[in-house]
Every structure is written in structure tokens, then in C-alpha cells.
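Numbering (full-length UniProt numbering), first residue to last: 1 to 1134.
Here the structure comes first, spelled out in C-alpha cells, and everything after it is commentary.
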């Protein structure tokens, strides 16, 4: 190979470092390199993202300024063929050691302290701890001290007696009264005790002579002004009598002096009560997180002050209520930036104090330039999705008036302004309730019919479907149930400032809106409802539309406390709690979106691959036709008029259709020259008989219910119906002799065949035997009946079966929706009983459909015998009559946590060891020994019981799952449609097309979810940046203020701006996590669950004295309910 090396002079004159190429005999100087990483879930190699690399023509590293979350198209997929080929090639060319010694992983054994901490404490430390608590009742280690240690340290001539101690200070030593007051000049709210010689008694710093001087750092004023004699301070440790002095040398009002010292006054003129800022902060956060009442909190303060009930201070509960409401309102104004606006509080606009959702599209704030001109395929990224719903637990009684309690900020946050809203609703008072396609309105009417004593029956609200945050001015009171006027005004008020071209609205009960939430969708009518399904709406991703349920679930507990509040105070409290909900969603947006993003990536890959495989198995021309149909359906606006690709035409014949078909056959027979036996045709004869049969079942039920003492009117109604039925039976019996001529001989033969005289039968018409063809034995049916009569009845019975199942499913859907409504909105014995009565009436309809199905199926079995039809028309058991939301388990799982005692675990361990020993002994035996004499396997259970019933539950592991994957619906919901005799391939194509369209929709929704989440992550970061800039701009708005207030205004604005920056930094760091993070830990946890010797508690070391075990953090309930359907209340058995 020729060398290209330059001479020495040229090299030395080149300057700097110079690289020579060394010629080789082969091409080893050509280096092929690729930076890559391996996805643990699929073992496929892909280029590494975000790695810095030297670039040609550059002398520095180039880092992209744009940021996007990591994506992977192979996460959660099985290994592909390319990886398999690489592994095969590697196994051929690589020499592996002949013997690999695998070291088993070290098993973690937990000590008894970690597994049973209370047991250890009870056995070893309980008595010791009790002694230490009692030790506190005495003087402890300072019992020998006689003189005051502070006086001795200050070398005071007259040393005081050491008889006072502070229960709040860290050092529990005894001092004299003078030194105790001196110590607490800066801690005036500590609790002090005095030693009487035998025990401690409570005393106050006020009784000991402590006085607090306000408005002076030196705690001294030349002209002090004494406070009211009964001045009291509410603090976190109780209610205190305090003596303080106002400053008289400066023109500062007393209530302002209290505020500057951290005391909130209950009044402004003669202040008698105030609360510390610490108490108001604690009460505020406690009420927001626990939904507890102020009354319970005040009772706690009283018990902290004196739990004996002897020396209770005068009640300051009403004063605490006033201070708490004002504190809530001031906090909302402060966080809304109203203290930084020159226009002040009066310049606050409607909805301005609401916490905005950072992920929602907002033009001019978090949308990129050119978003209006994006292609039609990407317009869904800038679509606002909102949900509407009502909550009937947040009632309000007629307590106080708006004149006495107008509210402090109604209309400034989430609740709509009262006057225009109620005027609009009043102008539409004659409008009806919202119409629905489900029958739960009976409960709503039953519970809103009794409005005595109620000002409002609940609230209606709007929230964003993606961020699950309530919209500004998106909540309004409901005067009487959900009405169009109420919900329309709330809808318009919430979207008043929205300037987006696309808005999707979801409502759980009204089908006039484009979307129905996923959980509520099965409770609606199924015919023609594909257009409302979130599964089929383009651009919604995996949005479920159920966020209002999760929001209401977090606020239902407020119903008891806000129900008796005044109208204005109630709305202020609701605004405060709604703001707290939004803020919790706001500051947890980072982990929430990351968790959704990881799940969406996995689901997208699985759904896309599944749809690709489904499509590959179909003819291409068929797929192209279906694709065009789906594209046209997606492109058509709401409401859609074209044919739905998800809809399949009914393949079963209803009872009405069968009657028409039989009538057409009879007409054709007569037209062909056949003779008519009677003016009433055979099919009409059978239809009349089936109608009489239905009337008999209805009367039997009515008569059974009438066995109890009934009114005269009820008895007359039953008699009248019996008379009508008796007339129908007589007319039908006349026709029966025409179409069943051999029936009299058949009945006579039955009477003679009876071994004993027949018992007298009831004379009531509902008990009369009709002797339809299905009731005649098969060997005599052709003799008794006219030709073709039995076939006609079989067709009618088949149609009866399917009609009964359709009716049963509809009633169960309706009942499920009613129960959901009851669990969500109905509370109290009166309303609950009324709702239960309505639900029971609906359930009786389900029983009627079930009885009709059972009779029809028995008749069909008698007429045609068993066949393929039994696969779809199965025996209907009582256990099968349940709703789609009440599935049955395929198998009984092990016991729940808390049901397995140590004795049970020990017993199971012994049985398991015995079973292992038996297996080792029988390892060489033939498998036939494990079977009974008839060759069937012998059932055994975990406890060794021979009846197969598991009496001792086994420990449940993660691989058992939550139970949803091992559940099955009742067969009535999975029953396919009946195939008529003339079914053709086009019917099968319709079903296949619908399934393919659903698969396509699932794939598209999964793709959209990934795109939506990536866009939402970008919008959140931009919104936080905008919000930080917004706060920095507020720092300099009020230049005319005094220096101290100006400094506070600036400091708070910059603090809030820094908070936005820290949130953005935290979110970005969270979203940079690799997608595979956590997979190895999950697999290790699964392996640990398979280990029978692993501990059953939290992970801990082997040291018995290690009490600082790592515990799993409880998952935030806001997160668990954010990505799926909220935690639902347990529904009643259907």
C-alpha cells in the first residue's frame, strides 16, 4: 500500500498536533463504531439518544437546546427476529465456558422486630414505657433542687424557690416565678405548671405577671395601653389568657399591631379574641387535607387547655369561624397576586383567583407559534377537553341569608357570580330536566321532590378532562336537580374566555353532548351510541372523561360541614377547597404526566403491533374499504349521520319480526290456494296464547303480593284483571279446538294415567293450564296439533328468549346507573329508603324478564331439543342476573390481607412440607397412582382437605394481580346475537369489520395519547416559565408603598417566581428518567414474591435492633385516581 506520509520539514512546519496514518496490510484502520443502548424489555439495540459526540468541522460539543421526553417503539414488546439471529450467531462464534456456576441470590430474612414490632414492644418495653410516662408527673431528675438555678447563675441575692416548669420548653427544669416570666418574654404562649409539694397544677404566665408589649422590638413603650381584661389568644396548644399592652406612642391601630406581631384579631374595635398565625395555618391545612370541621378543631383546643371539664374558658368558637373564613379569603387573594396589583382587591376580575391548569392549551401563554396553521391530523393537540357533572351531596340548608352572609369572594374563583346566574336560571324555571337515555332519573326526581329546608340540592361543575382541575367560574349551585338552564350557564361561564377553535365536551348523563365518560357508557343505550364513545372519538387519546367523579370523591366529605353554613360562607369554603385540589394537581403534574407517559408508550406499542398483525391477516382490498369507511367516519363532524364502522346490524329476529314473518307465510299459503281453518290464523292463535301466558305470570305475582292486607282499591283492581283474563282464556279455548283437535283426548288420557284422583286446582284464571304445543309430550304432539303449529311456536319462543335477554340487559344497565347515582349523591335514611324503593321496583322488572326467558327456553327445549342454540341461550341462574359492573371470579382467590394469622401460616407451612415430602417419595411412582379408580384426578387443596374447599387462605403475591384479569362477566352480557337461518357472509363481514374498526381505534387512541402527553409536557414547562415571568413583573408594580411593605411585596413575588422555576426544574428532571427505569426492580420484586421464605412485612435487615426499616411510601390518592376510573364506592348487589 502506498504511503501518504509527508516529509519531516512539512510536518515540523505544520504547527500544533499532527496525526499520521499508519499504513497496514488490511483495513483495520477503518473503525466502525456505533453508540447504542439495550432495551431490557425487548433486547433490541437502538441508537442512544442525547449522547454528546464530536462533530465534523466543530471544535466544541454541541448540545441541543430543544428538549423532548424519551420515546421507544419497542418498549413492552417481545424480542424480534433480528435480536434472535444475533443471539444465534453469537452462540456459534463465541466460546462459552463449559460449566457456569450460578450463585443463588441472597434471601432477605426479616427479624421479628421488623415483622412484628408491636409484639416485641408488648413483650419487652410496654411496662418500661409506662413507667417513663408516669415519671413525667413528678419533678424527675431535678427533685433535689431547692433553689432556682437561674437566680444562682445570675448571682441574685434572694434566690427564689424552684417550683415552676414549662411543659413546652425542651429543658424541664424548675425555676422561680420571676425567672420563669423572664424566660418567656419571647414565648408568651407556653403552658406552665407549678409544683405544690405533692403534684403539679396548671397556671398561666398572665397570673405570674407576664405582660407583652406590642409594636416595639425592645418590648418597652413609654405610653403603653392595656388590652381588654378578658383578652384571649387561640394557639396550637390551647386557649390562653394573655395580658398585653398596645403601643400608645405611635399612631398604629391596635388590631394592626396585633397583625404585625402574628396575632389575627377577631374584631377591629375592642379586641377580645385573636388567633396566632400558627393556629390559622394549622387549621387551614388540616381542614383542606382532612375535610374536618372547625367545630371539631375548636373542641380539640378546649381539651388541650383543660380536659377535665371543670374550668372551661368561655366559648370563642364563633370568633374562630370568622377568623378562619377571613384567613382563607386573604390567602386566596395573596396567592392570586392581588396584593401586588395597584387596583387592589376591588380590581379582581371574575375567576381571577382560580389556579389554572398548566397543561391546557392557552393561546399567548403556552402554545407555540403557528399552532393555528397545523395540519388537520395534528389539530387535536390544541383541542380543549372539558367534562361536566353534578354533585348532589354538597347540599345547603336554608340557614342565614345572603343579606347577613353575602360571602367574601363569590365569583372571584370557581363559583359563578350569584346574581346573573340565578336571574338566568329563574328566567328558565319552566324548562324541564335534562333528558337522558338511561332510567335513573326516577331517583333524581324522588330525591329532589322533597326540597323543604334546602336552599340548594347540590352543585354542578366543569373541569378539564386532561389535568383534572376545576375551571374558573366553572361551579354553580343547583336549585332543583340538573336542569338545562343551570348546566348551560355553567358551561358558558367556564368557557367564556376560551379562544380555541376545538373544544370537546363530556357529560355523563346527557347524550346531547359529544362524549360520554367511559365508566358511564355501558349504562347508556348501545344502539347508535358509537359516536359518543371516548374509544371512538378522534383526538382524545386515552382520556376517560371520568375526572369529575374523582374530583367529587375528594370533596364529598365537605357535605356535612357546608350543609349548615350560610350561603356566602359555604361558597367561600368551597372555593378554598377547590383551589387546594387544583394546587395539588398543579404541583404534582410532573410525576403524574411521567407515569401516564410510560404507560402510554407501552400501551401504544402493544396496540399498534396488535392492529398491524390483525390487519396483515385480512385481504388488502377489504382493509382498504374499511379504512376509507373509518376515515370518512372520523372526518365527519358531530353529530354523525353516516354509517358507523363500529355498528353491526342486528342478526337476531325480535318477537315482532317473527310475528310478521309468520303472518307473511300464512298469507303466502292462502294465496297459493290453501284453506283457512279459521278467520284467526294459526300464528295469531299462538301469539294470543303467549300473551295470555304473560298475563298469567303478571297476575300470579300481583296475587302473591296481595296476600298481605291490601286496600279495597287494590283488591278491586286484582278482581277486574282476573275477569279480563278469564274472558281472554275462554275466547282462546274456542280457537284451541280448531288448531289442537286432539287435545281433549290427550287430557282424558292424562287423567286416566294418574294413579290417584287429581287434587282440586285453583279457580283463578292465572292458574289455568293453557296446553300450548310445547306442553304436549313429543310423542303425542303430532297427533294433538295441526301440522306446523309446533314449528311456529318454536320460532316465537326463540324470539321471546332474545327479547327477554335484551330487556334484562337494559333493565340491569338502568339499575346499575341508578345505584351509581345513589352511591354518589344520596345520603341519609329518608333519601336512602326512597331510592332503595325505586331501585327495587326496577329490579322487579328484571325478574319478570328472567321469568319470561326461563319459560321460553324450557318451551324451546321441549319443542326442538338441545342443539347449537344452547351455546347462546344458556340456562339462566339467579347468579347470572347481575350487571356488567358486577363480574364473577373465575376462581376463588386467597384470603385478603389481615385474614391470615400466624397459626394459619404455620399450619400451611407444615402441610406444604408434608406435600413436598410426599412428592419426593412418589417421584418414582407411576402417575396413575394419583388417580381414582375411574381415572379422574383426585382433587386436593392447599390445606389437604379432600373436598377441594380451601379453608386456609394462602399469602397473596403480586402475580395474583388485583383480580380484574381473573374476572368474567355473566354470560348474558357475552351472549352473541342469534344467527338466523338465512345468515350470509356479509353478516360475518360486518362483525369482522366492527372488530377491525375497534382495533384501529384503540391503536389510534394510544398513538394520540403519546402525542398529547408530549405536547402537555412541553406546555407545562412553558406555562411555568410564563408564570415565573408573571410573578417577577408583579414585584415592581406598587412603587408608592412604604419601604417595609414594598420589601414584602417584592420578596413574595420573587419567592413565587422561584417556586415556578423550581417546579419546572423538578418536572424536567423527572421527565428525563429512562423509560426502562423500574423494570429491574419490578422483576426483582416479582421474584421475591415467589420466594416462600421471604418476609411478609417491609424490607428490613437482619439486625434485630434495626428499627429504622425502609417502608414503602403510601401512594398519593390523587395519583391513583388520576389515570383511571376514580376509587368507586362499592355498589350494591344487583
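C-beta: ideal position from N, C-alpha, C; glycine also.
Predicted model only: the values in this text are computed from it and were never measured.
Discussion item. Whether or not the region 382-394 and the region 1046-1065 are in contact is what I'm after, with contact meaning three or more pairs of Cβ atoms, one per stretch, closer than 8 Å; do they touch?
Written reply: no
Worksheet item: For residue 140, which three-state DSSP category applies?
Response: helix
Discussion item. Could you check whether the region 216-224 touches the region 136-152, counting it as contact only if at least three pairs of C-beta atoms, one from each stretch, sit closer than 8 Å?
Written reply: no
Fill in: First through last residue of the beta strand (DSSP E) which encompasses residue 203
200-203
Practice prompt. Tell me, please, whether the region 342-361 touches the region 475-490 by the rule of three or more beta-carbon pairs shorter than 8 Å.
Written response: no
Item to complete: Go through its chain and collect everything with a Cβ distance to residue 699's Cβ below 7 Å, but skip five positions before and after it.
Response: 721, 722, 725, 766
Worksheet item: Any idea what DSSP makes of residue 533, helix, strand or coil?
Response: strand
Practice prompt. Pull up the distance between the alpha-carbon of residue 453 and that of residue 1028, whole angstroms please.
Written response: 47 Å
Discussion item. Under 8 Å: do the region 598-607 and the region 349-364 share three or more Cβ pairs, one atom per stretch?
Written reply: no
Worksheet entry | Start and end residues, alpha helix (DSSP H) containing residue 681 | That residue, residue 681, is in no alpha helix (DSSP H); it is neither H nor E in DSSP.
Discussion item. Which of the three DSSP states is assigned to residue 721 in this structure?
Written reply: helix
Practice prompt. For residue 477, name the three-state secondary structure that DSSP assigns.
Written response: strand
Worksheet item: Run through DSSP, which three-state label would residue 766 get?
Response: helix
Fill in: Three-way DSSP call (helix, strand, coil) for residue 845 in this model
helix
Worksheet entry | Cutoff 6 Å; reference residue 685; Cβ partners in own chain excluding five residues on either side | 735, 739
Worksheet item: Between which two residues does the alpha helix (DSSP H) carrying residue 490 extend?
Response: 484-494
Practice prompt. Reducing DSSP to helix, strand and coil, say where residue 588 ends up.
Written response: coil
Item to complete: For the alpha helix (DSSP H) containing residue 365, list its first residue and its last residue.
Response: Element bounds for residue 365: n/a, residue is neither H nor E.
Worksheet entry | Of the residues 106, 515, 548, 546, the one placed nearest residue 536, counting alpha carbons only | 515
Worksheet item: Assuming residue 179 contacts residue 151 under a Cβ cut-off of 8 Å, what Cβ separation, rounded to an integer in Å, is found between them?
Response: 6 Å
Worksheet item: Once you ignore the five residues that flank residue 797 on each side, which residues in its own chain have a CB closer than 8 Å to its CB?
Response: 774, 856, 857, 859, 860, 863
Worksheet item: Would DSSP call residue 503 helix, strand or coil?
Response: strand
Discussion item. Bridge partners for residue 580 per DSSP, in chain order?
Written reply: Per DSSP, none; premise fails for residue 580.
Practice prompt. Below 8 Å on the Cβ atoms is my guess for residue 531 versus residue 640; work out the distance and round it to an integer in Å.
Written response: 5 Å
Practice prompt. State buried or exposed for residue 995, treating a residue as buried only when at least 16 other CB atoms are found within 10 Å of its CB.
Written response: exposed
Practice prompt. Give a yes or no on whether 9 Å exceeds the smallest Cβ distance from residue 970 to chain D.
Written response: Checking the listed chains, one finds no chain D in this structure; it contains a single protein chain.
Worksheet item: Going by Cα to Cα distance, which pick from 872, 1001, 718 is closest to residue 646?
Response: 1001
Worksheet item: Since residue 559 is in the alpha helix (DSSP H), which residue starts that stretch and which ends it?
Response: 558-562
Worksheet entry | residue 808 and residue 849 closer than 9 Å at C-beta | yes
Worksheet entry | Identity of the residues DSSP links to residue 388 by a beta bridge | 462, 507
Practice prompt. Take residue 609 as the anchor and find which of 471, 300, 75 has the nearest alpha-carbon.
Written response: 75
Practice prompt. State the CB to CB distance for the pair residue 451 and residue 480, rounded to an integer number of angstroms; the pair is presumed to be in contact (CB under 8 Å).
Written response: 6 Å
Discussion item. Measuring straight from C-alpha to C-alpha, what distance separates residue 845 and residue 852?
Written reply: 11 Å
Item to complete: For residue 265, count neighbouring C-beta atoms within 10 Å of its own C-beta (all shown protein chains included) and say buried if the count is 16 or more, exposed if not.
Response: buried
Item to complete: Use the C-beta contact count for residue 128: other C-beta atoms within 10 angstroms, 16 or more gives buried, fewer gives exposed.
Response: exposed
Worksheet item: Under a Cβ-count criterion, where at least 16 other Cβ atoms within 10 Å of its own Cβ denotes burial, should residue 787 be classed as buried or exposed?
Response: exposed
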